[in-house]
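Chains H and C supply the protein sequences, listed in that same order. Here the first sequence is numbered in the UniProt record's numbering, starting from 1 and rising by one per residue. Here the second sequence is numbered in the UniProt record's numbering, starting from 1 and rising by one per residue. Even glycine gets a Cβ: it sits at the ideal position worked out from N, Cα and C.
Protein chains: 2
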Amino acid sequence: MAVTLADVATRAGVSAATVSRVLSGNYPVAGATRTRVMRAVEELQYVVNGPASALAAATSDLVGVLVNDIADPFFGIIASAVQSEMGAVGQGGGGQKLAVVCNTGGSTESELSYLTHLQRQRAAAVVLTGSGVEDEKHGAALATRLRRLAAGGTRIVLCGRPPLAPEQQDTHQGPEREQPRPPQENGRDGEGRADSGDGIVTLAFDNRGGSRRLTEHLLSLGHRSIGYVTGPSDRTTTRDRLEGHRLAIRARAPELLADAEQFTVHGGAYDRSSGYDGALELLRRVPGLTAVLAANDTVALGVCAALRDQGLRIPEDVSVAGFDDLPFSADASPTLTTVRIPLHDAGARAGRLALGRETPPPGGVATVRTELMARGSTAPPPGPRG
Amino acid sequence: MAVTLADVATRAGVSAATVSRVLSGNYPVAGATRTRVMRAVEELQYVVNGPASALAAATSDLVGVLVNDIADPFFGIIASAVQSEMGAVGQGGGGQKLAVVCNTGGSTESELSYLTHLQRQRAAAVVLTGSGVEDEKHGAALATRLRRLAAGGTRIVLCGRPPLAPEQQDTHQGPEREQPRPPQENGRDGEGRADSGDGIVTLAFDNRGGSRRLTEHLLSLGHRSIGYVTGPSDRTTTRDRLEGHRLAIRARAPELLADAEQFTVHGGAYDRSSGYDGALELLRRVPGLTAVLAANDTVALGVCAALRDQGLRIPEDVSVAGFDDLPFSADASPTLTTVRIPLHDAGARAGRLALGRETPPPGGVATVRTELMARGSTAPPPGPRG
DNA sequence: CTGTTAGCGCTTTCAC
DNA sequence: GTGAAAGCGCTAACAG
Numbered sequence: 001m002a003v004t005l006a007d008v009a010t011r012a013g014v015s016a017a018t019v020s021r022v023l024s025g026n027y028p029v030a031g032a033t034r035t036r037v038m039r040a041v042e043e044l045q046y047v048v049n050g051p052a053s054a055l056a057a058a059t060s061d062l063v064g065v066l067v068n069d070i071a072d073p074f075f076g077i078i079a080s081a082v083q084s085e086m087g088a089v090g091q092g093g094g095g096q097k098l099a100v101v102c103n104t105g106g107s108t109e110s111e112l113s114y115l116t117h118l119q120r121q122r123a124a125a126v127v128l129t130g131s132g133v134e135d136e137k138h139g140a141a142l143a144t145r146l147r148r149l150a151a152g153g154t155r156i157v158l159c160g161r162p163p164l165a166p167e168q169q170d171t172h173q174g175p176e177r178e179q180p181r182p183p184q185e186n187g188r189d190g191e192g193r194a195d196s197g198d199g200i201v202t203l204a205f206d207n208r209g210g211s212r213r214l215t216e217h218l219l220s221l222g223h224r225s226i227g228y229v230t231g232p233s234d235r236t237t238t239r240d241r242l243e244g245h246r247l248a249i250r251a252r253a254p255e256l257l258a259d260a261e262q263f264t265v266h267g268g269a270y271d272r273s274s275g276y277d278g279a280l281e282l283l284r285r286v287p288g289l290t291a292v293l294a295a296n297d298t299v300a301l302g303v304c305a306a307l308r309d310q311g312l313r314i315p316e317d318v319s320v321a322g323f324d325d326l327p328f329s330a331d332a333s334p335t336l337t338t339v340r341i342p343l344h345d346a347g348a349r350a351g352r353l354a355l356g357r358e359t360p361p362p363g364g365v366a367t368v369r370t371e372l373m374a375r376g377s378t379a380p381p382p383g384p385r386g
Numbered sequence: 001m002a003v004t005l006a007d008v009a010t011r012a013g014v015s016a017a018t019v020s021r022v023l024s025g026n027y028p029v030a031g032a033t034r035t036r037v038m039r040a041v042e043e044l045q046y047v048v049n050g051p052a053s054a055l056a057a058a059t060s061d062l063v064g065v066l067v068n069d070i071a072d073p074f075f076g077i078i079a080s081a082v083q084s085e086m087g088a089v090g091q092g093g094g095g096q097k098l099a100v101v102c103n104t105g106g107s108t109e110s111e112l113s114y115l116t117h118l119q120r121q122r123a124a125a126v127v128l129t130g131s132g133v134e135d136e137k138h139g140a141a142l143a144t145r146l147r148r149l150a151a152g153g154t155r156i157v158l159c160g161r162p163p164l165a166p167e168q169q170d171t172h173q174g175p176e177r178e179q180p181r182p183p184q185e186n187g188r189d190g191e192g193r194a195d196s197g198d199g200i201v202t203l204a205f206d207n208r209g210g211s212r213r214l215t216e217h218l219l220s221l222g223h224r225s226i227g228y229v230t231g232p233s234d235r236t237t238t239r240d241r242l243e244g245h246r247l248a249i250r251a252r253a254p255e256l257l258a259d260a261e262q263f264t265v266h267g268g269a270y271d272r273s274s275g276y277d278g279a280l281e282l283l284r285r286v287p288g289l290t291a292v293l294a295a296n297d298t299v300a301l302g303v304c305a306a307l308r309d310q311g312l313r314i315p316e317d318v319s320v321a322g323f324d325d326l327p328f329s330a331d332a333s334p335t336l337t338t339v340r341i342p343l344h345d346a347g348a349r350a351g352r353l354a355l356g357r358e359t360p361p362p363g364g365v366a367t368v369r370t371e372l373m374a375r376g377s378t379a380p381p382p383g384p385r386g
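Next up, the structure:
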């Protein structure tokens, strides 16, 4: 770990400044000099010292991507899309960014901790993906930290979670504690500024709308006993999807509202086993169950497994639907009815936003549309008494 | 991006050196002073400048994890395990490492490029996961780069790929061009040194052995028309798995060897669609096909889908098996016969090795055992004429 | 077009 | 136990 800019300079018979200019390429240098320098670099196998250069230039090429679970394709797809926008992987010189993904495991401390690291590294941008945790204290801490990062010049993009709660008024000015969430459909709350005013841009997923359409689909097939296996209860995504579900019931079959709580099982995680356990629990609670909605596709797979293990056929006996439309859903048997989120597109857009290569939506908030994918796992409920 | 160590020092009424000592915690500081400093840090919301600190200390807390496809759970599981070993996520001070995953997309340029970035950042360690690319030129370039990194103090761990080819003798000393690969089962080639001599440690997966056992399983069920859908042909994993398959045939049913090439379809990627297309192609080529082996579980899912679309039942008409035992395999219907690789354990071990928290295996190379998981997707072939 | 001169913000001897 | 000072390797004005 020895060879420095100075060594290269000596070898090439030029000054360190010249070498620096050749390497960064953003400054006129004579052709001959350039070749000489390049040769010296080659011969010495010189590699720029990142920290030194970052310190001097006060910039960094790091872009952090925070995900809740890197082993879940939902995040993998988004992360991969973000990374795909970071630019052609040149051999070194250019302003290419390095997107690194950080796995928080859904832990709030871990999330904060990664943000600290990223802040230390003076990251160029940070993309936070997926569900946020609904915790008053964490939410405030997170918002503060993100605003501070943004103020320091780091671009912040929220992808797949709702926008930050409006800034806390430190000058306590009243007991106004209503409406903790900013309006969703109205894209003008930033009063026309290019972002929400603090440089943080949000790409929210229309979880509520998608979920609502999904439940409507089931309702119109004739289902009246619809179980729901939620995700972890403190997640924004969980809440939004459940809300969409309830909205559909309220609008189309209000008589079912009374049983809603009874028909809802709160899963502990977005994984297969909470689907499995949840389905079993629903079967126990709801005698005439004809359909099960799952928090996402992975959970839905667990639901299917449990149902099958109980000798139930899908969709003849029970319909099942997921959410997200991950690649495996189209291949499952039967093919899984779900709600498609254009994860790749959203991730790519988040990447562009992070690099400042795309102008932020008005108000700093855009909602990504979701689409119902009606497939083989949903059908009309079985006739009375099978 | 303003507040610096000096600001904190002023505020706390001490010198910058003292603040630094308090923050790094590895030096005796009076209790009172420490509290005073901490308070100043708190009040000023001070965050260490990573580049500056890395420059001065000539160390970094970055650990890079290179993966071929971040959207593939195979890599997600390994990466997540590596990350889980990086230590309790403290609030900042300690020597905690930041594991960042870099998605190469299987591209060799991208791989090299990420290594350059990591080298620039003076990464503490680099973990390369999964299949390497079998390309003479790239192999050499990669080996050189990794050795250089290792020489510079960066720990290198190969997880899920074969060890590096032995060092190129620059002093051309003979036409010795045999055995481009080091012995696998013999763990003593490093002559008892704690690693292969260059500080690079390898955790190879026993793909060949697992594949061999899988084919033996099919053979002993009575299958004689076994199709094989491979992964991308330039990958070490692809080659090893195919070799294991051929080995089993050679040992147990040499009469099938003649048709081996005919029964092998080379898939373009480790994805669902090459499984789908591969299965169709096999059906075309092999009239009495009774079993299909896939490069991995994801490919196997594609194979299943194709088979089903052709009206074939699994396993009654055709048996199918995958490789890796990803979580979804146990949930597929029918449950998928496959070969289990302890991905999480391997990743965790790679993480420990990367941090120097575990002593490297003798010779620097360890082979991770794989295990046959015989499940519902394989059964004896149908009787003659169905 | 190229060299000189200052730092960037932190860590770390070396004194006190 | 704490301070002063000397860089770490690079970039970015300024001069020439």
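Can you give me the Cβ contacts of residue i inside the same chain, cut-off strictly under 6 angstroms, excluding the 5 residues immediately before and after it?
i, result
"Val265/C", "Val229, Gly278, Glu281 and Leu282"
"Met373/C", "Asp325, Thr338 and Arg340"
"Gly174/C", "Residue confidence for Gly174/C is low, a pLDDT of 40 falling below 50, so the modelled location carries little weight and cannot support an answer."
"Leu115/C", "Arg145"
"Ala133/C", "Contrary to the premise, residue 133/C reads as Val rather than Ala in this sequence. Only Thr108 and Asp234 meet the Cβ criterion."
"Val3/H", "Leu44 and Tyr46"
"Gly199/H", "Ala150"
Leaving out five residues before and five after residue i in sequence, what residues of the same chain have Cβ atoms less than 7 angstroms from its Cβ?
i, result
"residue 431/H", "No answer is possible for residue 431/H: the residues shown for chain H start at 1 and end at 386."
"Glu191/H", "In this predicted model, Glu191/H has a pLDDT of only 37, less than 50, meaning its place in the structure is not dependable; the value taken from the coordinates is given anyway. Cβ within range, chain order: n/a, list empty."
"Asp206/C", "Thr367, Val368, Arg369 and Thr370"
"Val19/C", "Leu5, Val8, Ala9, Ala12 and Val37"
Report whether the distance from the Cβ of residue i to the nearest heavy atom of the ligand NAD is below 7 angstroms.
i, result
"Glu281/H", "With respect to the ligand NAD, the structure shown offers nothing to examine, as it has no ligands at all."
Checking 8 angstroms against the spacing of the C-beta atoms, do residue i and residue j come in under that value?
i, j, result
"Glu167/H", "Leu355/H", "no"
"Asn103/C", "Ser60/H", "no"
"Ser131/H", "Thr236/H", "yes"
"Gly267/C", "Gly231/C", "yes"
"residue 418/H", "Arg284/H", "Because chain H here runs from 1 to 386, residue 418/H falls outside it and cannot be looked at."
"Ala140/H", "Val365/H", "no"
"Ala295/H", "Arg241/H", "yes"
"residue 435/C", "Thr202/C", "Given a span of 1 to 386 for chain C in the structure shown, any question on residue 435/C remains unanswerable."
By DSSP's criteria, residue i is part of a beta bridge. Which residues make up the other side?
i, result
"Arg155/H", "Ala125/H"
"Ala291/C", "Ile226/C and Ser319/C"
"His266/C", "Thr230/C"
"Val133/C", "Arg235/C"
"Ala143/C", "In DSSP, Ala143/C forms no bridge with anything."
Measuring alpha carbon to alpha carbon, tell me which of the options ends up nearest residue i.
i, options, result
"residue 405/H", "Gln96/H, His344/H and Gly288/H", "Because chain H in this structure spans residues 1 to 386, residue 405/H falls outside the shown range and cannot be described."
"Thr52/H", "Asp135/C, Gln119/C and Ala248/C", "Position check: residue 52/H holds Ala in this sequence, whereas Thr was assumed. Residue Gln119/C is the option with its Cα nearest to Ala52/H."
"Val67/H", "Gly267/H, Gln121/H and Val126/H", "Val126/H"
"Glu111/C", "Ala124/C, Leu98/C and Leu128/C", "Leu128/C"
"Asp348/C", "Pro315/C, Thr144/C, Asp72/C and Ile78/C", "Per the sequence shown, the amino acid found at residue 348/C is Ala instead of Asp. For the residues Pro315/C, Thr144/C, Asp72/C and Ile78/C, the minimum Cα distance to Ala348/C belongs to Ile78/C."
"Asp331/H", "Ala350/C, Ala306/C and Gly311/C", "Ala306/C"
"Val63/H", "Gly31/C, Ile200/C, Glu42/C and Val101/C", "Val101/C"
"Cys304/C", "Asp345/C, Arg272/C and Ala379/C", "Arg272/C"
Using a Cβ-Cβ cutoff of less than 8 angstroms, which residues in the same chain neighbour residue i once the five nearest sequence positions on both sides are dropped?
i, result
"Gly93/C", "Caution applies to Gly93/C, whose pLDDT of 40 falls short of 50 and renders its modelled position unreliable; the model cannot decide the point."
Identify the continuous beta strand (DSSP E) that holds residue i and give its terminal residues.
i, result
"Ile226/H", "Ile226 to Thr230"
"Met86/C", "Per DSSP, Met86/C belongs to no beta strand (DSSP E) and is neither H nor E."
"Leu66/H", "Leu62 to Val67"
"Thr338/H", "Thr338 to Arg340"
"Ala279/H", "First-last for Ala279/H: Arg272 to Arg285, but that is the alpha helix (DSSP H), not the beta strand (DSSP E)."
"Thr367/C", "Val365 to Val368"
Residue i lies in the alpha helix (DSSP H); which residues open and close that run?
i, result
"Val318/H", "No alpha helix (DSSP H) holds Val318/H; DSSP gives it neither H nor E."
"Arg308/H", "Asp297 to Asp309"
"Leu256/H", "Note, Leu256/H: premise wrong, no alpha helix (DSSP H); not H, not E."
"Val201/C", "Val201/C -> not in any alpha helix (DSSP H); beta strand (DSSP E) instead, spanning Ile200 to Phe205."
"residue 438/C", "This structure gives no information on residue 438/C, because the portion of chain C shown stretches from 1 to 386."
"residue 389/C", "Examination of residue 389/C is not possible in this model, given that chain C is present from 1 through 386 alone."
"residue 388/H", "The first residue shown for chain H is 1 and the last is 386, placing residue 388/H beyond what the model contains."
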